[in-house]
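One line per chain: the protein sequences are A and B, in this order. Position 233 of the first sequence, counting from 1, maps to 233 under the working numbering, and the rest follow consecutively. Take any residue in the second sequence, count from 1 to its spot, add 1000: that is its number in the working numbering.
Number of protein chains: 2
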Amino acid sequence: MALTNKIPIPPSDLPRVVIIGGGFGGIKLAQKINAKQFEVVLVDRHNYHTFQPLLYQVATAGLEPDSIAGPLRKQLEGRKHFFFRLAEVEFIDPSLNTIHTSIGVLDYDYLIIATGSKTNYFGNKSIEMNAFPLKQIPQALDLRSHILQNFENAVIETNPNNLERHMNIVIVGGGPTGVEVAGALGELKKNVLPKDYPELDLSQMRIILIEGQNELLAAMSEKASRKSLVYVKKFGVDVRLECFVNDFDGEVATLSNGETIQTYTVIWAAGVMGNVIDGLKEEAIDHGRIQVDEFNKVLGYNNIFAIGDVATMKTEEYPMGHVMMAPAAMQQGELLAKNLRAIENTEELIPFKFFDKGSMATVGRNRAVVDLPGNINFAGLLAWLTWMFIHLVQIIGLRNRLVIFSNWVWNYFTYDRGTRLIIRRFTPNFKRKKEAVGKKESV
Amino acid sequence: MALTNKIPIPPSDLPRVVIIGGGFGGIKLAQKINAKQFEVVLVDRHNYHTFQPLLYQVATAGLEPDSIAGPLRKQLEGRKHFFFRLAEVEFIDPSLNTIHTSIGVLDYDYLIIATGSKTNYFGNKSIEMNAFPLKQIPQALDLRSHILQNFENAVIETNPNNLERHMNIVIVGGGPTGVEVAGALGELKKNVLPKDYPELDLSQMRIILIEGQNELLAAMSEKASRKSLVYVKKFGVDVRLECFVNDFDGEVATLSNGETIQTYTVIWAAGVMGNVIDGLKEEAIDHGRIQVDEFNKVLGYNNIFAIGDVATMKTEEYPMGHVMMAPAAMQQGELLAKNLRAIENTEELIPFKFFDKGSMATVGRNRAVVDLPGNINFAGLLAWLTWMFIHLVQIIGLRNRLVIFSNWVWNYFTYDRGTRLIIRRFTPNFKRKKEAVGKKESV
Chain A
1 MALTNKIPIP
11 PSDLPRVVII
21 GGGFGGIKLA
31 QKINAKQFEV
41 VLVDRHNYHT
51 FQPLLYQVAT
61 AGLEPDSIAG
71 PLRKQLEGRK
81 HFFFRLAEVE
91 FIDPSLNTIH
101 TSIGVLDYDY
111 LIIATGSKTN
121 YFGNKSIEMN
131 AFPLKQIPQA
141 LDLRSHILQN
151 FENAVIETNP
161 NNLERHMNIV
171 IVGGGPTGVE
181 VAGALGELKK
191 NVLPKDYPEL
201 DLSQMRIILI
211 EGQNELLAAM
221 SEKASRKSLV
231 YVKKFGVDVR
241 LECFVNDFDG
251 EVATLSNGET
261 IQTYTVIWAA
271 GVMGNVIDGL
281 KEEAIDHGRI
291 QVDEFNKVLG
301 YNNIFAIGDV
311 ATMKTEEYPM
321 GHVMMAPAAM
331 QQGELLAKNL
341 RAIENTEELI
351 PFKFFDKGSM
361 ATVGRNRAVV
371 DLPGNINFAG
381 LLAWLTWMFI
391 HLVQIIGLRN
401 RLVIFSNWVW
411 NYFTYDRGTR
421 LIIRRFTPNF
431 KRKKEAVGKK
441 ESV
Chain B
1001 MALTNKIPIP
1011 PSDLPRVVII
1021 GGGFGGIKLA
1031 QKINAKQFEV
1041 VLVDRHNYHT
1051 FQPLLYQVAT
1061 AGLEPDSIAG
1071 PLRKQLEGRK
1081 HFFFRLAEVE
1091 FIDPSLNTIH
1101 TSIGVLDYDY
1111 LIIATGSKTN
1121 YFGNKSIEMN
1131 AFPLKQIPQA
1141 LDLRSHILQN
1151 FENAVIETNP
1161 NNLERHMNIV
1171 IVGGGPTGVE
1181 VAGALGELKK
1191 NVLPKDYPEL
1201 DLSQMRIILI
1211 EGQNELLAAM
1221 SEKASRKSLV
1231 YVKKFGVDVR
1241 LECFVNDFDG
1251 EVATLSNGET
1261 IQTYTVIWAA
1271 GVMGNVIDGL
1281 KEEAIDHGRI
1291 QVDEFNKVLG
1301 YNNIFAIGDV
1311 ATMKTEEYPM
1321 GHVMMAPAAM
1331 QQGELLAKNL
1341 RAIENTEELI
1351 PFKFFDKGSM
1361 ATVGRNRAVV
1371 DLPGNINFAG
1381 LLAWLTWMFI
1391 HLVQIIGLRN
1401 RLVIFSNWVW
1411 NYFTYDRGTR
1421 LIIRRFTPNF
1431 KRKKEAVGKK
1441 ESV
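Right under this line is the structure:
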């Protein structure tokens, strides 16, 4: 039942740039584009931008969604010839220069695909059905409610086997998300849950972090890998390296080493893939990402561009494409704003060159690892302060900055979390089916 | 499919007090009861206490849920012989001294019903199906998402009749909730929506407040009624006095004066009734509330008590029972803690005497009305400051106080709201079915 009506946009003479996705890349482009020269329509399935690096703190009851999200209309307030449309994009029709969405059809002169990435289950349907992804705010809220509900169920559980299932948490993937979730859960286990659930023996709760490679944070420096392993172990996290999850049926996770873990909670942070939209030529897609040239132009098209996680730009320096992280997306968005202008003015385009600002991850209070360009690596308290400072500076909006900062100060000094509310529907024992909204991951 | 298993509670020799409902009355009782003399089991369908007086600010995107809610386990942390159970109560069996819940059966020695009130639709099924109540956090979040979604739909609406439906909001009931919602929506219309939706002509948005009596805030002083009318009108709110909503089919509200209003949004703040649980004798129920004596003992029972909104205690001074508001519930909870002790010690019970602290309502920035005991009534800026101060003092927990205060300061100086996120599922035009979770109102 595809809608064929045109989405109403007030008429104008300017060429129309349609941006799909209000993530780091899409917003940066919308902010930097020449508003006198282009009309911009930003399409997103949410009415807010998500600051994904802190999503794990929403999932672990450290922050509320409002502090890591910004209403998109607010962030682009006052821009001329700018329109926001809340819609899911269904497919692109490059032959007619249109996109088809849940609210109708939209014409474009230039199309920018900035749809980011989605969880990659590597084809394992059973894991996809039963594990919790962590890419969107509704998913983070689902996971938080699920964990808290498990503890409410644990206090009334009489079967020891099921008790294990309520309390154990398996995290798959030892990248930054997996490590940060493990640290945050370790803190919950140590500081918050014992006070909330004096009836339970929290030493029975196991947090198991599983990584396929032989080190955590494999994309970072050797020091970061080594230190992060020490840190998560300090929180009592069980780490399994060179190990995979072969199956998870919702109650038992089966590992590649033959081990089985009784648990209702598997958090899947083991991989992402480009959030590709249907309609592009097959040759434009490579390993689930959209192939672009050094100007972010999609292979085989003249007026379609892709930026950020969804795009793969293979250069001599980065033969596998750039890292799927915010800085690349933002830098590409900013450059594309200039290049679109250059195209309209028939000036020369500037090729993209990634400015690597380094990477970092935090593991609970006072502990983080930081890699800076030029092989500068450090860990510990200074790294933790750096991590906090960088995240506060990067998040959009003074209000979010203040809210997050106050929450962190509060949580730090009280050893507490403020927001352990089960707002989503409570599901009694053995009826734990996740709401569809939390699983959905299209644009 | 009633569960018959006993809910596990660690064994003890103390008489067990079961409290149903963690509202103002239930929490106060649990906090004040003698922990050496009684074992307490608090049962609630949510794992948090809701500060209902500020619920309307969550609905109108002024506050996030965490700031008006407190985790119940946290609030009763460290109390001896205290247990919390997350469950919905299905019915009471007084003959066996048990309650039946969604997670099993629980025995009691003393049962305290503190289930508060629920929305009263006066038997109008069509209104119940289509209007938005405002008693619980999920309902407030639903309403907020619904209003924001309507505006997203309005920008793509081409039919002028439907445009009206997206933008008009009808509020039924001119008590404190209705008046406060009207003021908050008036502020949204004036300060926030024009910036977010420059494409829309906000002068077409109508906020209509409907009250059956011939004045707003009929339970308050004449001055409060008069001033609140002036205030809401300043925000451009259309007020209809001596008027009722006869029907609302989800698209058109039909008023008792024959007028019809095109709207997708009717907020129902026109009445509440006791949230009575099945199983009590018929004679104990009077007009939808539980009849109690001056010790809050339920008519016809010796070990069942009811406090707060759900109870009606008819005295010479209050022949219709007390007002259904937090102070009466808290005072009854506090006294009952003493009287339970007196019963166990076979001492004399103290009859309840309501200490009226007055009442108040706010209507947008700088404006409120306050009635204090002794016929002291005032309005305007001083009343508004009083309103803010009292609410900040009353809310439980330092963290909530700080969060709310900072939000208010921010919103006041920026004329903005931080939290206009559509977190719940986006429903395109004409598919606006509310999620069941938002409509549910059992214990």
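Built from N, CA and C at the ideal position, the CB exists for glycine as well. If you're wondering where the values come from, they're calculated on a predicted model, not measured in any experiment.
Which value, in whole angstroms, describes the spacing of the CA atoms of residue i and residue j?
i                : j                : result
G1380 of chain B : A1328 of chain B : 26 Å
E164 of chain A  : V41 of chain A   : 50 Å
E1441 of chain B : Q1213 of chain B : Caution applies to E1441 of chain B, whose pLDDT of 35 falls short of 50 and renders its modelled position unreliable; the value that the coordinates give is listed next. Each residue's alpha carbon lies about 27 Å from the other.
K1439 of chain B : D247 of chain A  : Its pLDDT being 38, under 50, K1439 of chain B is placed unreliably by the model, and nothing is read from it.
H287 of chain A  : M273 of chain A  : 8 Å
K189 of chain A  : T60 of chain A   : 11 Å
E1199 of chain B : V1155 of chain B : 7 Å
Q1204 of chain B : N1162 of chain B : 12 Å
V18 of chain A   : D1044 of chain B : 48 Å
G455 of chain A  : V1298 of chain B : The requested residue 455 of chain A is not part of the displayed model; chain A covers only 1 to 443.
A1270 of chain B : L76 of chain A   : 39 Å
F1354 of chain B : I1033 of chain B : 19 Å
Q1331 of chain B : F1295 of chain B : 12 Å
A1035 of chain B : T265 of chain A  : 36 Å
A1087 of chain B : T1101 of chain B : 6 Å
K1125 of chain B : V1245 of chain B : 13 Å
F1413 of chain B : S1406 of chain B : 11 Å
E128 of chain A  : T346 of chain A  : 47 Å
Q1291 of chain B : F1352 of chain B : 14 Å
R1226 of chain B : G1021 of chain B : 36 Å
List, in chain order, every chain B residue whose beta-carbon is nearer than 9 Å to that of residue i.
i               : result
S406 of chain A : L1402, V1403, S1406
P133 of chain A : Those within 9 Å of P133 of chain A in chain B number zero; the least Cβ separation is about 17 Å.
List, in order along the chain, the chain B residues whose C-beta lies closer than 8 Å to that of residue i?
i               : result
F202 of chain A : The question names Phe, but residue 202 of chain A in the sequence shown is Leu. Chain B residues near L202 of chain A: none, gap ~14 Å exceeds 8 Å.
E77 of chain A  : K1195, D1196
W268 of chain A : Those within 8 Å of W268 of chain A in chain B number zero; the least Cβ separation is about 21 Å.
Compare the beta carbon distance of residue i and residue j with 8 Å and say whether it is the shorter of the two.
i                : j                : result
G174 of chain A  : N275 of chain A  : no
N176 of chain A  : L217 of chain A  : One point to set straight first is that residue 176 of chain A is Pro, not Asn, in the sequence displayed. Cβ atoms of P176 of chain A and L217 of chain A: closer than 8 Å.
L1072 of chain B : Y1048 of chain B : yes
A1383 of chain B : V1369 of chain B : yes
V1089 of chain B : N1005 of chain B : no
I422 of chain A  : H1046 of chain B : yes
V1170 of chain B : A1253 of chain B : yes
L1349 of chain B : F1305 of chain B : no
I1267 of chain B : L1134 of chain B : yes
G279 of chain A  : I112 of chain A  : no
G78 of chain A   : V363 of chain A  : no
G1186 of chain B : I1207 of chain B : yes
R417 of chain A  : V192 of chain A  : yes
A1284 of chain B : G1308 of chain B : no
What does residue i reach in chain A if we use C-beta pairs closer than 8 Å?
i                : result
P1327 of chain B : Those within 8 Å of P1327 of chain B in chain A number zero; the least Cβ separation is about 25 Å.
A1069 of chain B : L421
P1010 of chain B : E199
Using a Cβ cut-off of 7 Å, pull out every chain A residue sitting near residue i, in sequence order please.
i                : result
N1047 of chain B : L148, E152, L421, I422
K1074 of chain B : D196
I1007 of chain B : I156
Counting pairs of Cβ atoms below 8 Å between the segment 1140-1155 of chain B and the segment 1047-1058 of chain B, do you hit three or more?
With the cut-off at 8 Å, the segment 1140-1155 of chain B and the segment 1047-1058 of chain B touch.
Given 8 Å, three or more beta-carbon pairs between the segment 1022-1041 of chain B and the segment 1100-1120 of chain B: Counting Cβ pairs under 8 Å, three or more are found: they touch.
- Query: What residues in the segment 156-183 of chain A have a beta carbon less than 9 Å from any beta carbon of chain B?
  - Reply: So the list reads I156, E157, T158, given in the order they occur along the chain.
- Kindly confirm or deny that the segment 231-241 of chain A and the segment 79-97 of chain A touch, where touching means at least three C-beta pairs closer than 8 Å. Flag = no, the segment 231-241 of chain A and the segment 79-97 of chain A do not touch.
Open item on the list: Against chain B, which members of the segment 366-400 of chain A pass a CB distance test of less than 7 Å?
Closed with: Of all residues in the segment 366-400 of chain A, R399 have a Cβ within less than 7 Å of some Cβ in chain B.
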